[in-house]
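Colleague: Top line first, the protein sequences correspond to chains B and W. End of the first sequence sits at 350 in the numbering used here; the numbers just go up one at a time, nothing left out. End of the second sequence sits at 350 in the numbering used here; the numbers just go up one at a time, nothing left out.
2 protein chains.
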Amino acid sequence: MTRFDLNILGCGSATSTLRHLPSCQVLNVRDHLLMIDCGEGAQLEMRRRGLKFSRLNHIFLSHLHGDHCFGLPGLLSTMALLGKTGTVTIHTFADGKEQFGRLLDYFCRETPFSIEWDVITTRKAVIYEDNAVTVTTFPLRHRIPAVGFRVDEKPKLRHIDPDAVARWQVPRHALNSLRQGRDFVTADGRTVPNDELTTAPDAARSYAYASDTMFSRRVIRAVEGVDWLYHEATYADDCSRKARARYHSTALEAATVAREAGVKQLIIGHFSNRYADDSVLLREAQSVFPATRLAAEGLQIDLNKVD
Amino acid sequence: MTRFDLNILGCGSATSTLRHLPSCQVLNVRDHLLMIDCGEGAQLEMRRRGLKFSRLNHIFLSHLHGDHCFGLPGLLSTMALLGKTGTVTIHTFADGKEQFGRLLDYFCRETPFSIEWDVITTRKAVIYEDNAVTVTTFPLRHRIPAVGFRVDEKPKLRHIDPDAVARWQVPRHALNSLRQGRDFVTADGRTVPNDELTTAPDAARSYAYASDTMFSRRVIRAVEGVDWLYHEATYADDCSRKARARYHSTALEAATVAREAGVKQLIIGHFSNRYADDSVLLREAQSVFPATRLAAEGLQIDLNKVD
Chain B
44 MTRFDLNILG CGSATSTLRH LPSCQVLNVR DHLLMIDCGE GAQLEMRRRG LKFSRLNHIF
104 LSHLHGDHCF GLPGLLSTMA LLGKTGTVTI HTFADGKEQF GRLLDYFCRE TPFSIEWDVI
164 TTRKAVIYED NAVTVTTFPL RHRIPAVGFR VDEKPKLRHI DPDAVARWQV PRHALNSLRQ
224 GRDFVTADGR TVPNDELTTA PDAARSYAYA SDTMFSRRVI RAVEGVDWLY HEATYADDCS
284 RKARARYHST ALEAATVARE AGVKQLIIGH FSNRYADDSV LLREAQSVFP ATRLAAEGLQ
344 IDLNKVD
Chain W
44 MTRFDLNILG CGSATSTLRH LPSCQVLNVR DHLLMIDCGE GAQLEMRRRG LKFSRLNHIF
104 LSHLHGDHCF GLPGLLSTMA LLGKTGTVTI HTFADGKEQF GRLLDYFCRE TPFSIEWDVI
164 TTRKAVIYED NAVTVTTFPL RHRIPAVGFR VDEKPKLRHI DPDAVARWQV PRHALNSLRQ
224 GRDFVTADGR TVPNDELTTA PDAARSYAYA SDTMFSRRVI RAVEGVDWLY HEATYADDCS
284 RKARARYHST ALEAATVARE AGVKQLIIGH FSNRYADDSV LLREAQSVFP ATRLAAEGLQ
344 IDLNKVD
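(1) Please work out which residues of its chain come closer than 6 Å, Cβ to Cβ, to TYR252/B, disregarding the five sequence neighbours upstream and downstream, and give them in chain order.
(2) Can you tell me whether ASP345/W is buried or exposed, with buried defined as 16 or more other CB within 10 angstroms of its CB?
(3) Between THR256/W and ALA168/W, how many whole angstroms is the CB-CB distance? I'm expecting something under 8 Å.
(4) Using 8 Å as the Cβ pair cut-off and three pairs as the minimum, do the segment 118-133 of chain W and the segment 87-98 of chain W touch?
(5) Quick one, which of PHE47/B, TYR318/B, ALA328/B and LEU324/B has its alpha-carbon nearest THR177/B's?
(6) Mapping DSSP to helix, strand and coil, what is VAL323/W?
(7) Using only CA atoms, which one of PRO155/B, ILE311/B and ASP161/B lies nearest to GLY144/B?
(8) To the nearest angstrom, how far is it from the Cα of ALA246/B to the Cα of HIS202/B?
(9) Quick check: ALA279/W and ALA301/W, are their CB atoms within less than 9 Å of each other?
(10) With a threshold of 16 other CB atoms inside 10 Å of the CB of LYS127/B, please say whether the residue is buried or exposed.
(11) Going along chain B, which residues have a C-beta under 7 Å from GLN212/W?
(12) What does a CB cutoff of less than 8 Å around CYS282/W pick up in its chain, not counting 5 residues either side in sequence?
(13) Could you name the residues of chain B that GLN86/W contacts, counting a contact when the two beta carbons are closer than 8 Å?
(14) Given a cut-off of 9 Å, decide if LEU107/W and GLN142/W are closer than it, judged by their beta-carbon atoms.
(15) Roughly how many angstroms separate the alpha carbons of ALA85/W and LEU87/B, rounded to a whole number?
(16) Considering only the alpha carbon of each residue, which of PHE156/B, ARG248/B and ASP138/B lies closest to ILE187/B?
(17) According to DSSP, simplified to helix, strand and coil, what is ASP255/W?
(18) What's the call for ALA57/B, buried or exposed, on a 16-neighbour Cβ count within 10 Å?
(19) Going along the chain, which residues of the segment 109-137 of chain B sit with their C-beta nearer than 8 Å to a C-beta in chain W?
(20) Would you verify that the beta carbon of LEU76/B is, or is not, closer than 9 Å to some beta carbon of chain W?
(21) Count the other C-beta atoms from every protein chain shown that fall within 10 angstroms of the C-beta of SER249/W, then say buried if there are 16 or more, exposed otherwise.
(22) Taking Cβ-Cβ distances shorter than 7 Å, what residues in chain W pair up with LEU146/B?
(23) My assumption, with CB atoms under 8 Å, is that MET44/W sits in contact with ASN347/W. Please give the rounded CB distance.
(24) Need the endpoints of the alpha helix (DSSP H) that ASN219/W sits in, please.
(25) Do ILE133/W and ILE158/W have their C-beta atoms closer together than 9 Å?
(26) From the beta carbon of PHE258/B, is the nearest beta carbon of chain W less than 9 Å away?
(27) Evaluate the contact criterion for the segment 261-270 of chain B versus the segment 303-313 of chain B: three or more CB pairs, one atom per stretch, below 8 Å.
(28) Rounded to whole angstroms, what is the Cα-Cα separation between ILE355/B and THR135/B?
(29) Name, please, each residue of chain B whose Cβ falls closer than 9 Å to the Cβ of PHE150/W.
(30) For ALA243/B, collect the residues of the same chain with a Cβ closer than 8 Å to its Cβ; drop the 5 residues on either side in sequence, then sort them by chain order.
(31) Compare the C-beta of ARG222/B against all C-beta atoms of chain A and say whether one is closer than 9 Å.
(32) Measuring only the C-alpha atoms, how far is GLU275/W from GLU340/B?
(33) Assign GLY144/B to one of three DSSP states: helix, strand, or coil.
(34) Assuming GLY114/B and CYS67/B form a contact by the criterion Cβ under 8 Å, report the distance between their Cβ atoms to the nearest whole angstrom.
(35) Does any residue of chain B have a CB that is nearer than 9 Å to the CB of PRO65/W?
(36) From LYS285/B to LYS197/B, what does the alpha carbon distance come to, in whole angstroms?
Dropping the structure here:
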């Protein structure tokens, strides 16, 4: 099974507490790390969770509120001190490039890696692609420009059937072609259909991150059918007016998005500091969408495993 | 005894570890909090140590390396969210005002308190004064402009001798005058010398912070005779060349500064991430200056108590 893990490093909201850290998560896609948001303390949590700076080359910032990006200067400084090489690409709005670019020019003049800025907008767009996944932005509905990220695994390789391959004396060099779904042609010119030599690939999984946002039909359309959705649920229903006024969602609204988008699993996060116990948010969300779980610092989820 | 406490929130060096946080400390001077340096995570440690944001009105930045100031945007943002009022003064170099000023203009547009910038230089100067203390900068010797801070308590009030005051029938309204050292004149015109009515005041204490710096005779002169000195001791003696090359000090050098300056107590900090156990630094420092202790996150020291 190819690796596709979600690591929650922070799932609190803007006002810091001792229960939650500001927003940050790291996707491990076949040992390439993609960071989504970078709240203060991100570098420390990377260490605490055993995530290697050397494998982190892409940082995606959903929007320019401090609790989603104030960890960036410290993270990049530490990576520079540790001698990280290559390129780190920061996917952010033009203002993010301007603000942090200037700060990093001053504080991190001598990075052994190069910093690239990928300027994003609120328009839906594929902003990252590698062999394993694509990352697509979609607009959120917040006080300031904000995007969600949808991460779709590419179709995976078919599994070789070792017995069939032995029976047909398929040479080693032909195996990759089989994994990619092509038929096999024997030395004497016979064509063996691919599905006699392979079994179906693992499912390609998908994950979407929507924080910060108020309830939005556009978000529902954008995350339609994903396996895993992380949706902010800053407030419980008793604060629904406050949620709207601040362009945030309630747990019920997050669950409604999950249900209407037909996702398989919902993770709620970005909890207000008013909740000493987040289980009220879980109960409310589960009343609409049972397959909900609470985010938590240190939580690691294997996104391949969908119940 | 009037309150004069030192709270160590972070005493690691630039490369973050799970053992130490970047530089930050908070002096509690009669319940006014003065923060010295503001490494990433300062706001969280304030909470963890029960230090109230509402009492923090002055932040002193020794120099503009990220591990001494990257906590500032998050700290001020959180204070804004919590509705802090009044004025917060940030004492920093012109570059600090420019860099953080621009960032805060963007990220913290709506602070309910006002931010004032006190632009400091490396010249020795009194940069802060209240009823209880003065704060004086002094130049350090580092790769970039850096200052230490010397905090001197003002002379304290004399203690009233309750028996003597009763005997001489001193009225209540005259007590403050006695505490300030003035003689008492009775209703019939007799002068009672102050020292018959009061006892000596508590000693006025002093504290100096010197980080980051390499060994410097100017530092010795600047901290001469302080009760408590916090001096960086990034390296042990086996890394003395590295220390010099990086404009840092060894534990032996920190202890030499303490001894030659005739301070009463030394606290060493700013430990390199290479030491899994800082006690090697303590042993080396104590070989030169026995009254040395290790800084540690969460350590609180009553600066009134000098052995």
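Where is the CB? At the ideal position from N, CA and C, for every residue including glycine. For clarity, every value in this text was computed on a predicted model and none was experimentally measured.
Modeller: According to the data block:
(1) So the list reads ILE79, GLY191, PHE192 and TYR273, once near-sequence residues are dropped.
(2) Classification of ASP345/W: exposed, given that the 10 Å Cβ count is below 16.
(3) No, THR256/W and ALA168/W are not in contact; Cβ-Cβ is about 18 Å, not under 8 Å.
(4) For the pair of segments examined, the segment 118-133 of chain W was found to touch the segment 87-98 of chain W: the number of CB pairs separated by less than 8 Å reaches three.
(5) It is PHE47/B whose Cα lies nearest to the Cα of THR177/B.
(6) In the three-state reduction of the DSSP assignment, VAL323/W falls in the helix class.
(7) For GLY144/B, the nearest C-alpha among the options comes from ASP161/B.
(8) Distance between the alpha carbons of ALA246/B and HIS202/B is about 12 Å.
(9) No, they are not a contact pair.
(10) Its Cβ being crowded by 16 or more others within 10 Å, LYS127/B is buried.
(11) What GLN212/W touches in chain B: nothing, since even the nearest Cβ is about 54 Å away.
(12) Within the same chain, CYS282/W has close Cβ partners THR293, SER315 and ARG317.
(13) Residues of chain B whose Cβ lies closer than 8 Å to the Cβ of GLN86/W are, in chain order, SER59 and GLU83.
(14) LEU107/W is positioned such that its CB atom lies closer than 9 Å to that of GLN142/W.
(15) Between the C-alpha atoms of ALA85/W and LEU87/B there is a straight-line separation of about 13 Å.
(16) If we check each option's Cα against that of ILE187/B, ASP138/B comes out closest.
(17) Coil.
(18) So ALA57/B counts as buried.
(19) If the cut-off is 8 Å between Cβ atoms, the segment 109-137 of chain B has GLY109, ASP110, PHE113, GLY114, PRO116, GLY117, SER120, THR121, LEU124 and LEU125 near chain W.
(20) Judged by the 9 Å Cβ criterion, LEU76/B is not in contact with chain W.
(21) Looking at its Cβ environment, which holds 16 or more other Cβ atoms inside 10 Å, SER249/W is buried.
(22) Counting only Cβ-Cβ distances below 7 Å, LEU146/B has contacts in chain W at GLN142 and LEU146, in chain order.
(23) Cβ atoms of MET44/W and ASN347/W come within 8 Å of each other, at about 5 Å.
(24) Counting along the chain, ASN219/W sits inside the alpha helix (DSSP H) bounded by residues 218-222.
(25) With respect to the 9 Å criterion, ILE133/W and ILE158/W are classified as neighbours on the basis of their beta carbons.
(26) No - not a single Cβ of chain W is within 9 Å of the one on PHE258/B.
(27) Below 8 Å, enough C-beta pairs join the segment 261-270 of chain B and the segment 303-313 of chain B to call them touching: three or more.
(28) No statement about residue 355/B is possible, as the shown extent of chain B runs from 44 to 350 and does not include it.
(29) For PHE150/W, the chain B residues whose C-beta falls within less than 9 Å of its own C-beta are LEU107, HIS108, GLY109, CYS112, PHE113 and GLN142, listed in chain order.
(30) Closer than 8 Å at the Cβ level, and outside the excluded window around ALA243/B, lie ARG201 and HIS202.
(31) In the displayed structure, chain A is absent; the protein chains listed are B and W.
(32) Roughly 33 Å between the two C-alpha positions.
(33) GLY144/B falls in the helix class under three-state DSSP.
(34) So it is a contact: roughly 6 Å between Cβ atoms.
(35) For PRO65/W, the nearest CB of chain B lies under 9 Å from its own CB, placing it at the interface with that chain.
(36) About 39 Å.
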